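Below is one structure, written out as structure tokens, with a few remarks after it.
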Amino acid sequence: MSLVACAWTLWAVALVAVICRFVSRRLLAGPKFWKDLKADDYLMVVALVSLAGVAWSTNEIAANGSNYVEEGATEGWSEEQVANAVWGSKMLVALEEFMISTLWLVKFCLLILYGRMTSGLRESLAVKVTVGYCILAFIAVQVLYLGVWCRPIYNYWAVPIPPGHDQCKNYHNHLITITILHVSSDLMMLAIPIPMIIRTRLPIRQKVILCGVFSLGVLVVLLAILNRVFNFVMPHDLVFLAWYNGEASTAVIIANLPFLWGLVRRIFGFESWGGSGGTDQKKNGAGGGNAPPPTIGSAKQKSRRQRKGESLFDTAFSRHDSAERITVKEDVDVYYGDSIELGERCRVTVS
Numbered sequence: 001m002s003l004v005a006c007a008w009t010l011w012a013v014a015l016v017a018v019i020c021r022f023v024s025r026r027l028l029a030g031p032k033f034w035k036d037l038k039a040d041d042y043l044m045v046v047a048l049v050s051l052a053g054v055a056w057s058t059n060e061i062a063a064n065g066s067n068y069v070e071e072g073a074t075e076g077w078s079e080e081q082v083a084n085a086v087w088g089s090k091m092l093v094a095l096e097e098f099m100i101s102t103l104w105l106v107k108f109c110l111l112i113l114y115g116r117m118t119s120g121l122r123e124s125l126a127v128k129v130t131v132g133y134c135i136l137a138f139i140a141v142q143v144l145y146l147g148v149w150c151r152p153i154y155n156y157w158a159v160p161i162p163p164g165h166d167q168c169k170n171y172h173n174h175l176i177t178i179t180i181l182h183v184s185s186d187l188m189m190l191a192i193p194i195p196m197i198i199r200t201r202l203p204i205r206q207k208v209i210l211c212g213v214f215s216l217g218v219l220v221v222l223l224a225i226l227n228r229v230f231n232f233v234m235p236h237d238l239v240f241l242a243w244y245n246g247e248a249s250t251a252v253i254i255a256n257l258p259f260l261w262g263l264v265r266r267i268f269g270f271e272s273w274g275g276s277g278g279t280d281q282k283k284n285g286a287g288g289g290n291a292p293p294p295t296i297g298s299a300k301q302k303s304r305r306q307r308k309g310e311s312l313f314d315t316a317f318s319r320h321d322s323a324e325r326i327t328v329k330e331d332v333d334v335y336y337g338d339s340i341e342l343g344e345r346c347r348v349t350v351s
């Protein structure tokens, strides 16, 4: 498959994921679902546009070339070849900006979700710290990329690159910096929901499902590392362009998967996200022991949650008392989709 076909195919898959996100929301909230869109919904649309920029700029680089060539390779180039390489080099700068924007927009989409998920719990502090780290990381990457690694900035698209300015074409310092900050922030994000889910008394199957959804971010981390490996092991090879598209598209797709349950349930007729709604309820009873069950939302409250299009992570966890006991509601709403069953009157405790 050509780079053009690969880039736009990956973007199309990401587009389908975003569309399904809103279709799932529509199935739950009704025709006026757009009134209850949250900040992460809007940011995801912006991320999709930025991802289109990644696909477009990579194809421009592949078609026109750039100054990312071996030393002396530009000797004997015609004026047209030089002009094309200048344009391709400018697109390389644009590619980095689109890539940075896409990755960080996805991070903030998930952090907004985590903020709702941990509201009132001690994990909310970890979310705030991670948000601060991501903001500082974004600023650091931009300042170093645009103002430090290659000076003056127009050397990024100089053909040929002036002697002693190799950073303006190989981006080595920039790639090392962004990889460290990108991967470390993703690992911080992975460390927020998974331990909290593991500590709950949810049935094992449901723990596995939730942990699996949140652990998909590991794929983005692996792609980021492989992307850099190919950059350093295969210098001057445009194979890195395919990896850029793969990494950015995967990030967008994975970030939307948690919101597709309503559509999946409607298509396949699943009764519960654990596989069989009634069975889990009977097994889990009232959460063990003779402790009185926590208050379960009324039918009116449930209907209101459905109209608002709340997700599992908005409604499944709610502060119950000073000991940080959290309640798993009966028939909570999941992934902007239809309601699910986490176990009738199942109480869990975060120790």
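Start counting the sequence shown at 1; every next residue gets the next number (full-length UniProt numbering).
Note that CB positions come from ideal geometry on N, CA and C, so glycine has one too.
Values in this document were obtained by computation on a predicted structure and should not be read as measured data.
Flag this pair as yes or no: are the beta carbons of residue i and residue j separated by less than 9 Å?
i: C109; j: A255; result: yes
i: N245; j: W87; result: no
i: D41; j: R26; result: no
i: Y145; j: E79; result: no
i: T250; j: V220; result: yes
i: A94; j: L48; result: no
i: L51; j: T102; result: yes
i: S185; j: K128; result: no
Work out the CA separation of residue j and residue i for me, nearest whole Å.
i: C150; j: V69; result: 17 Å
i: S89; j: A5; result: 21 Å
i: F317; j: F259; result: Caution is warranted here: a pLDDT of 39 is assigned to F317, below 50, making its placement in the model unreliable, and the coordinate value is therefore given only provisionally. In a straight line, the C-alpha of F317 is about 17 Å away from that of F259.
i: L223; j: L187; result: 14 Å
i: residue 402; j: W34; result: Within the shown structure, residues of the chain are numbered from 1 to 351, placing residue 402 beyond reach of any answer.
i: G289; j: G262; result: Residue placement at G289 is poorly supported in this model, since its pLDDT is 42, which falls under 50; the coordinates still yield a value, given next. If I take the Cα positions, the gap works out to 33 Å.
i: R21; j: D166; result: 43 Å
i: V45; j: P203; result: 35 Å
i: Y133; j: A126; result: 10 Å
i: V143; j: W104; result: 15 Å
i: residue 352; j: C168; result: Because the chain spans 1 through 351 in this model, residue 352 falls outside it and cannot be assessed.
i: A73; j: V208; result: 53 Å
i: Y154; j: W56; result: 21 Å
i: M196; j: T130; result: 16 Å
i: L257; j: V213; result: 8 Å
i: M234; j: W157; result: 21 Å
i: L312; j: G30; result: A caution first: L312 carries a pLDDT of 46, below 50, which makes its placement in the model too unreliable to give a value.
i: I19; j: L43; result: 14 Å
i: A63; j: R205; result: 49 Å
i: F98; j: C211; result: 30 Å
i: residue 357; j: S215; result: This structure cannot speak to residue 357, because the chain is shown only from 1 to 351.
i: D36; j: W77; result: 56 Å
i: V148; j: I180; result: 17 Å
i: A85; j: H174; result: 21 Å
i: K32; j: R116; result: 22 Å
i: F138; j: T9; result: 28 Å
i: A7; j: I198; result: 37 Å
Kindly indicate which residue of the options has the alpha-carbon position closest to the one of residue i.
i: I178; options: I135, V82, V141; result: V141
i: G217; options: F230, Q206, H182; result: H182
i: S66; options: L238, I267, L263; result: L238
i: A191; options: P31, A83, S124, G120; result: S124
i: Y171; options: T74, F232, D186, L257; result: F232
i: P193; options: I112, Y156, C20, R266; result: I112
i: A17; options: V159, I267, V252; result: V252
i: N227; options: A242, V213, A62; result: A242
i: P163; options: R21, E71, N59, L3; result: E71
i: V82; options: S57, I197, V159, I19; result: V159
i: G53; options: M91, L43, P31, I135; result: M91
i: I100; options: I135, W77, N84; result: I135
i: R266; options: T9, A62, L28; result: L28
i: residue 419; options: H236, C211, S215, F240; result: An answer regarding residue 419 cannot be provided, because it is not within the stretch 1 to 351 covered by the chain.
i: H236; options: K38, I61, M189, V264; result: I61
i: residue 354; options: E75, I176, L210; result: Here the chain comprises residues numbered 1 to 351, so residue 354 is not present and cannot be evaluated.
i: K38; options: I180, A85, Y114, C211; result: Y114
i: V264; options: W8, V23, A7; result: V23
Mind reading off the beta-carbon distance from residue i to residue j? Whole number of angstroms is fine, and I expect it under 8 Å.
i: T58; j: L3; result: 7 Å
Residue i CB to nearest chain D CB: under 9 Å?
i: T118; result: Looking for chain D here will not work: only one protein chain is present.
Less than 8 Å separating the Cβ of residue i from some heavy atom of the ligand FAD?
i: G217; result: By its list of ligands, the structure shown contains no ligand whatsoever, and the ligand FAD lies outside what it can speak to.
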